[in-house]
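Participant: Let me give you the structure first, and then I'll get to my questions.
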Amino acid sequence: MGSDLLTLFLCGDVMLGRGVDQILPCPGDPALREGYVQDARSYVELAEAVNGPIPRPVGFAWPWGDALRVLDDAVPAARVLNLETGVTEDGDFAPGKGIHYRMHPANLPCLTAARPDVCVLANNHVLDFGRQGLADTLDALAGAGLRTAGAGADAGAARRPAVVPLEGGRRILVFSFGMPSSGIPGSWAATGDRAGVDFVARPSSAAATGLVGRVRQVKRPGDVAVVSVHWGANWGYHVPRDEAAFAHVLLDGGVDVVHGHSSHHPRALEAYRGKLVIYGCGDFIDDYEGITGYERYRDDLRLLCLVSVDPDTGRLHEVRITPLQARRMRLWHASRQDTRWLRALLDRIGSGFHPCVLSAPEGTLTLRPSGTS
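So the sequence shown is numbered by the UniProt record's numbering: it starts at 1 and just counts up by one.
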């Protein structure tokens with residue numbers, strides 16, 4: 001293991017629209033077209049009914065809460081998140097979808113408060129307001145100096161990785177794509193003359209081999225390649241065999257980290273031949289506090305994942321996890337009891353790791369691959 005480890009912040013779904021947008025300084029139109037909720041402010045009321053009043057408006061940093069100090073202390077080389085929200089005032093509600101997310105462009109400082117290096121966009125909400133909404137989102141993020149991957153004006157742009165330069169000529173490459181298992185409609189796929197997302201129809205060996213070829217075309221010695229994939233069901237810990245095989249082909253082919261997301265709660269982490277697969281990071285920011293029905297998954301608990309790898313080999317050194325809890329649409333440090341619950345969960349659903357170590361500060365959980373001391 002090299003002495004100069006590279007640490008990445010890999011984040012699950014960041015949803016800054018709907019109810020979150022309504023508590024920020026510049027809320028957009030609250031009208032919704034959902035089966036049961038017609039006004040985004042209703043999600044604020046549901047959250048308040050569970051956990052108490054939310055001041056309105058909150059500051060732009062409010063939704064990130066305690067996460068910001070953890071990130072500042074960790075100083076990761078790159079911050080990568082799945083932005084599951086359009087940034088637009090325009091566009092039409094995408095037909096055939098029950099849920100639509102967008103944030104007002106004037107609330108973009110809420111996103112930049114976390115200083116993301118890459119926003120991955122190949123997900124099932126980035127075109128909730130059509131291709132006009134996608135164009136507005138891309139323009140807003142570019143205007144804020146934010147790198148994106150996974151969506152673009154055509155297939156070439158959607159497939160292009162985000163490149164984060166580091167000292168000494170090293171780079172972090174972030175590829176982003178999504179699959180229909182996460183709810184992405186096939187019609188959202190970018191083509192040679194149509195905007196959209198980088199869409200992979202299924203986790204087949206052929207698709208994985210094709211992605212490996214794309215990575216090898218770009219990757220240079222000393223680069224770290226992250227493949228960020230939106231896949232899988234919203235609920236449940238089971239990892240389908242074809243998803244695991246797909247991830248393994250990527251890692252065997254030169255990808256260093258597989259960063260999965262879409263599920264509303266954490267899924268398994270796997271150390272595979274010395275490299276990391278996160279099958280699902282879980283949600284990070286959303287407005288789901290008052291929604292009931294899946295309490296056994298504890299989707300109120302969120303993982304701040306700091307992944308340390310050897311940049312020369314891509315081998316995983318450790319994953320440090322700060323457990324957080326969503327309350328009043330803000331992230332707070334999780335209780336000791338909840339942290340112990342998460343430790344037991346990660347040990348149960350993960351593979352290829354030593355038992356999870358719980359330590360200070362703030363109940364940090366550390367996972368190290370089996371076979372390392």
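Beta carbons: idealized from backbone N, C-alpha and C, even for Gly. It should be emphasised that the depicted structure is a prediction, and the values quoted were computed from it without experimental measurement.
(1) Have a look at D287 and I54 and give me their C-alpha separation to the nearest angstrom.
(2) Provide the residue span of the alpha helix (DSSP H) that contains H317, from first to last.
(3) Please return the same chain residues whose Cβ sits closer than 8 Å to the Cβ of A77, not counting the five positions on each side in sequence.
(4) List the whole-angstrom C-beta distance separating F93 from R33, where the pair is believed to meet the contact cut-off of C-beta under 8 Å.
(5) In this structure, does DSSP put L303 in helix, strand or coil?
(6) Is G163 helix, strand or coil when you go by DSSP?
(7) Per DSSP, what kind of secondary structure is A334 in: helix, strand or coil?
(8) Could you tell me the distance, in whole angstroms, from the CA atom of A153 to the CA atom of L358?
(9) Quick one: is F93 near chain B, going by C-beta distance under 8 Å?
(10) Can you list, in chain order, the residues of its chain with a C-beta nearer than 8 Å to that of K219? Leave out the 5 residues immediately preceding and following it.
(11) If you drop the 5 nearest sequence neighbours on each side, which residues of the same chain put their C-beta closer than 8 Å to that of Y216?
(12) Taking the alpha-carbon positions, what's the W341 to L111 distance?
(13) Tell me whether the stretch 16-30 and the stretch 75-90 touch, counting them as touching only if at least three CB pairs, one residue from each stretch, are closer than 8 Å.
(14) Along the alpha helix (DSSP H) that carries T209, what are the first and last residues, could you check?
(15) To the nearest angstrom, report how far apart V58 and G274 are at their CA atoms.
(16) What's the call for Y101, buried or exposed, on a 16-neighbour Cβ count within 10 Å?
(17) Thinking E295 and L46 are a contact (beta carbons under 8 Å), I'd like their distance in whole angstroms, please.
(18) Any chance you could list the alpha helix (DSSP H) runs of at least 4 consecutive residues sitting entirely within the stretch 40-115, in chain order?
(19) Quick check: the Cα distance between P25 and Y272, rounded to an integer number of angstroms?
Facilitator: Reading off the structure:
(1) Looking at the backbone, the Cα of D287 and that of I54 are separated by about 12 Å.
(2) Here H317 belongs to no alpha helix (DSSP H); instead the beta strand (DSSP E) covers 316-327.
(3) Result list for A77: L6, T7, L8, V164, L166, I172, in chain order.
(4) Rounded, the Cβ-Cβ distance is 5 Å, consistent with contact.
(5) Three-state result, L303: strand.
(6) The question names Gly, but residue 163 is Val in the sequence shown. Strand.
(7) Per DSSP, reduced to three states, the secondary structure at A334 is coil, with no helix or strand assignment.
(8) Distance between the alpha carbons of A153 and L358: 45 Å.
(9) Checking the listed chains, one finds no chain B in this structure; it contains a single protein chain.
(10) Cβ within range, chain order: L173, A225, G254.
(11) Sequence inspection shows Arg at residue 216; the Tyr mentioned does not correspond to that position. Within the same chain, G253, G254 come within 8 Å of R216 by CB-CB distance, once the 5 residues on both sides are set aside.
(12) Answer to the nearest angstrom: the Cα atoms are 29 Å apart.
(13) Judged by pairs of C-beta atoms under 8 Å, the stretch 16-30 touches the stretch 75-90, as three or more such pairs exist.
(14) Counting along the chain, the unbroken alpha helix (DSSP H) around T209 starts and ends at 205-218.
(15) Approximately 43 Å between the Cα atoms of the pair.
(16) That one is buried.
(17) Not really, about 14 Å apart at Cβ, beyond 8 Å.
(18) With a minimum length of 4 residues, the continuous alpha helix (DSSP H) runs that stay inside the stretch 40-115 are 41-51, 67-74, 109-112.
(19) If I take the Cα positions, the gap works out to 44 Å.
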